Amino acid sequence: MKEKLTNGLQRFSKAMFVPILILPIVGVLIAFSNVLNNAKLAELLPFLDNIFIKGFGTILSSSLVSILVNLGLIFCVGLSVGLAKEKKAEAGFTAVLAYLIFTYAMNKFMLLSGILYQGESLRGTGQTMVLGIQILDMGIFLGLFLGSLVAFIHNRYCEQEFNSAFQIYGGSRFVFIILIPTVIFSAIVLTYLWPFVQYGILKLGVIINHSGEAGIFLYGMLERLLIPTGLHHLVYTSFLYTPLGGSVEINGQVFEGARNIYYAEMALPSIPRLSPTVIWDARGISKMYGLIGACFAMYYTAKPENKAKVKAILIPAAFSSFIAGVTEPIEFTFMFVAPLLFIIHAVLSGLSMVVLSLLDVRAIGPNGFIDFLLFNVPLGITKTGWPMYMLVGVIFFCLYYVIFTFLIKRLDLKTIGREDNGEEAKLYSKDDYHKRNKSTQSKNINADTIIDGLGGQQNIQSVENCYTRLRLLLKDPELVDENLLKNYTGASAVIKMGNNVQVVYGLQVNSIRKAVDHALEQLKNQI
């Protein structure tokens with residue numbers, strides 16, 4: 001049961017990346033539109049004070065906000081595509097149909113039952129408008145529920161075929177036939193059940209918010225501690241895109257979740273101060289500053305003869321963390337050899353969020369310094385308090401450096417560059433490191449070696465990827481050759497959880513995923 005639950009969570013977490021990876025693009029473009037409409041910036045750059053540029057910025061911002069108010073549909077389609085094992089495009093199309101059926105069915109049932117609110121404003125009623133239809137306000141949870149339901153039925157019946165005249169009703173059409181009564185029944189049942197769920201969610205959000213800094217600390221610590229499982233984004237997603245992260249009405253439209261509120265308020269220059277809920281998106285301190293201090297500590301405490309090797313490995317990792325917010329290459333250098341340091345890292349990450357909350361700082365930097373500049377600087381100091389964010393970052397850089405240096409020396413922790421003589425070399429010289437990066441980042445990625453390291457083609461059931469990891473479902477995880485993957489394909493770490501295996505490669509993982517898919521397809525055609 002434990003393994004099945006773990007496998008299910010792993011599949012769900014992988015599928016969540018389909019819609020989640022789109023949302024940062026939305027945020028960056030909204031930030032760009034804010035630059036085009038920034039009055040203070042226009043004073044410094046007169047060419048921005050142009051009706052066409054301002055008009056384009058307004059149109060861009062308004063069009064992208066539409067994504068934030070329709071996250072239910074986006075997650076429904078994205079999750080169904082991510083969870084579908086075969087015929088992913090058909091699963092996505094069926095998900096749209098299911099979403100439409102659900103909204104109209106719930107609206108009609110609420111009307112017939114006398115539950116549908118008839119007043120002018122829906123605020124405080126628990127109801128909202130979805131695609132122009134008034135239903136219960138289920139937010140992103142509606143998308144998660146329907147996406148999972150569609151994927152379950154699709155995976156079970158998408159290969160179902162019939163004979164004779166009934167052939168036309170096989171495959172995805174049979175899936176749709178089954179979904180029609182299932183979705184309608186679900187709409188009726190959830191009309192009665194959801195208000196209780198909604199009440200529980202709101203109460204949980206109130207408890208966390210009322211717990212003050214303790215709740216923020218717990219959130220920040222858990223978000224880092226779950227890194228080894230690959231499930232950490234399930235923690236922050238709930239706060240970024242659901243009522244757990246807050247709920248604010250802006251210009252008559254209700255936005256739920258810290259990230260959605262931030263994007264919406266960012267697009268409106270008239271709002272003098274950002275909502276305090278965005279503190280939940282203040283994960284950038286540990287990424288942009290803290291882990292850089294950890295890198296300096298590991299370099300400083302490395303043996304003299306290993307410093308060149310350590311520098312060659314840590315500099316690119318630190319650069320990725322600071323610029324793009326990719327932390328795994330650093331975290332995996334000490335996570336398993338010195339788990340105490342990882343626990344300290346999680347504690348400091350939570351503490352950094354507490355400090356920002358106490359200082360009333362509203363700046364965010366979830367994906368590194370580039371995002372930090374785009375999201376915060378154009379909004380001004382008053383609205384975000386971004387200079388204080390940077391000052392706190394410098395303080396935590398020092399804390400990481402001092403604490404990591406002290407613990408590594410005092411406890412003789414075997415971090416990178418401190419391995420005992422005679423131990424198997426896990427790291428590489430500078431030349432080896434550059435050769436490894438060149439081989440993994442080039443078009444000629446050695447996908448065959450990766451497949452061999454995963455136990456061969458027959459052992460691989462599915463291949464997905466997130467920002468930095470290959471996420472695989474294998475028949476027998478014991479066939480994985482970790483040394484082969486680390487020493488010859490550039491993997492930073494290999495994580496096994498039941499039949500789910502994650503291989504950490506870094507920012508080039510998307511190219512590696514494509515190369516592996518192509519190699520598997522070729523091997524399949526040869527059989």
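full-length UniProt numbering puts the first residue of the sequence shown at 1, with every later residue one more than the last. Here a beta-carbon is modelled for each residue, glycine too, at the ideal position from N, C-alpha and C. The structure presented is a predicted model; accordingly, all values stated were derived computationally and were not measured.
Helix, strand or coil at residue i according to DSSP, with G and I counted as helix
i           : result
Gln526      : helix
Ala491      : coil
Leu454      : coil
Val463      : strand
Lys311      : helix
Glu90       : helix
Lys496      : strand
Ile178      : helix
Gln502      : strand
Asn287      : Here residue 287 turns out to be Lys, not Asn, going by the sequence shown. In this structure, Lys287 counts as helix in the three-state DSSP scheme.
Ala42       : helix
Tyr433      : Since pLDDT at Tyr433 reaches only 39, below the 50 mark, its modelled position is unreliable, and the value read off the structure follows with that caveat. Here Tyr433 sits in helix by DSSP.
Leu520      : helix
Asn37       : coil
Asn50       : coil
residue 530 : Since the first residue shown for the chain is 1 and the last is 527, residue 530 is missing from the structure and cannot be characterised.
Glu424      : For Glu424, the predicted structure reports a pLDDT of 38, less than 50, and the residue's modelled location is therefore unreliable. The matter cannot be settled from this model.
Lys303      : coil
Lys414      : coil
Ile67       : helix
C-beta contact flag for residue i and residue j at 8 angstroms
i      : j      : result
Leu179 : Leu79  : no
Leu240 : Arg259 : yes
Thr333 : Ile408 : no
Ala15  : Leu97  : no
Thr191 : Phe109 : yes
Ala267 : Phe255 : no
Pro378 : Val35  : yes
Ala317 : Lys414 : no
Gly147 : Phe32  : no
Ile153 : Thr182 : yes
Arg273 : Lys383 : yes
Tyr299 : Val394 : no
Ile261 : Gly284 : no
Leu198 : Val69  : Position check: residue 198 holds Gln in this sequence, whereas Leu was assumed. Not closer than 8 angstroms, so no.
Ile30  : Ser61  : yes
Nonlocal neighbours in the same chain, by C-beta distance under 8 angstroms from residue i, ignoring five residues either side
i      : result
Leu484 : Thr449, Asp452 and Gly453
Thr242 : Gly139, Ile140, Phe141, Ile201, Glu256 and Gly257
Arg410 : none
Trp194 : Leu136 and Met138
Glu86  : Asn155, Cys158 and Glu159
Cβ distance (whole Å) where residue i is taken to contact residue j below 8 angstroms
i           : j      : result
Gln134      : Leu116 : 6 angstroms
Gly417      : Lys307 : 7 angstroms
Met221      : Ala346 : 5 angstroms
Phe396      : Leu348 : 6 angstroms
residue 543 : Val501 : Nothing about residue 543 can be read from this structure; the chain reaches only from 1 to 527.
Ile323      : Phe369 : 6 angstroms
Phe372      : Ala294 : Not a contact, Cβ separation roughly 19 angstroms.
Beta-carbon contacts of residue i that lie in its chain and below 7 angstroms, excluding the five residues immediately before and after
i           : result
residue 585 : Any property of residue 585 remains undetermined from this structure, which presents the chain solely from 1 to 527.
Val355      : Val392
Ala187      : Phe102, Ala105, Met106 and Phe109
Tyr99       : Leu73, Cys76 and Leu146
Phe296      : Tyr401
Val150      : Ser80, Ala91, Thr94, Ala95, Ala98 and Leu179
Gln526      : none
Phe176      : Thr94 and Leu97
Unbroken beta strand (DSSP E) run spanning residue i, endpoints
i      : result
Asn376 : Not the beta strand (DSSP E): Asn376 falls in the alpha helix (DSSP H), residues Phe369 to Asn376.
Glu256 : Gln253 to Glu256
Leu470 : Arg469 to Leu474
Met129 : Gln127 to Val130
Ile135 : Ile133 to Leu136
Ile250 : Ser247 to Ile250
Residues of its chain near residue i, where Cβ-Cβ distance is below 6 angstroms and the 5 sequence neighbours each way are ignored
i      : result
Ser462 : Leu473
Tyr488 : Thr449
Lys88  : Val81
Tyr389 : Val361 and Ala363
Gly57  : Ser33, Leu36 and Asn37
Trp386 : Ala363 and Asn376
Endpoints, alpha helix (DSSP H) assigned at residue i
i           : result
Val480      : Neither: Val480 is in no alpha helix (DSSP H) and is coded neither H nor E.
Glu213      : Glu213 to Leu225
Asn155      : Gly139 to Tyr157
residue 564 : The requested residue 564 is not part of the displayed model; the chain covers only 1 to 527.
residue 529 : Residue 529 lies beyond the residue range present for the chain, which begins at 1 and ends at 527; the question has no answer from this structure.
Gly78       : Leu71 to Leu83
Residue-level contact to chain B via CB, residue i, 8 angstroms cutoff
i      : result
Leu479 : No chain B is present in this structure, which holds just one protein chain.
Any non-hydrogen atom of the ligand GTP closer than 7 angstroms to residue i Cβ
i      : result
Tyr199 : Among the components modelled here there is no ligand, and therefore nothing to report on the ligand GTP.
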